[in-house]
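If you read the sequence shown in the numbering used here, its first letter stands for residue 3, the second for the next number, and so on. Ideal Cβ positions, reconstructed from N, Cα and C, are used throughout, including at glycine. Because the structure is a prediction, the values reported are computed rather than measured. Structure, as structure tokens:
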Amino acid sequence: MNYQQAKTRSDILKALAHPVRVMIVDALTDGDRCGCEFNQLAGIDQSGISRHLAILKKAGILTDRREGMKVFYHLQTPCILKAFECAVEVVREDVQRRNRVLKVI
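Set out below in structure tokens:
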């Protein structure tokens, strides 16, 4: 892997490196959603949601489409959900490792 490839991967991971953006991606696992729904999901204002959506779009994770006054968001790369599953497994294994260490102590 060269530097540019590593940077591209790093940029994608950075786009996911915020709890609100993780919540947005997770909310899209069941299908497209209107951007207006994300305010309730994350409990932040529309401008904050818009910034998070823009970061996810720039990284190529989301796309959007307009229907009248509403904007709907779609997971451009649903395979990103595998990364979420992997992250859960990392946490699970870490908890198990810590529990084994505690049993020894």
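Practice task
Consult DSSP for Thr31 and reduce its assignment to one of helix, strand or coil.
Solution key: helix
Exercise for the section: Starting from the Cα of Arg53, find the closest Cα among Arg99, Ala29, Pro80 and His20 and give me that residue. Expected result: His20
Handout entry: In DSSP terms, what Thr65 is bridged to
Key = His76
Practice task
Taking Gly70 as the reference, give the member of Cys36, Val24, Gln6 and Thr31 with the closest Cα.
Solution key: Cys36
Practice task
Return the CA-CA distance between Leu64 and Val103, expressed in angstroms with no decimal places.
Solution key: 41 Å
Problem - Alpha-carbon to alpha-carbon, Ile107 and Leu30 - result: A straight-line Cα-Cα distance of about 43 Å links Leu30 and Ile107.
Practice task
Kindly indicate the opening and closing residues of the alpha helix (DSSP H) around Ala56.
Solution key: Gln48 to Lys60
Handout entry: Cys36, DSSP secondary structure in three states
Key = strand
Exercise for the section: Could you name the residues of the same chain whose beta carbon sits closer than 8 Å to that of Thr79, not counting the 5 residues immediately before and after it, in chain order? Expected result: Gly62 and Ile63
Exercise for the section: State the Cα-Cα distance for the pair Arg23 and Leu55, rounded to the nearest angstrom. Expected result: 7 Å
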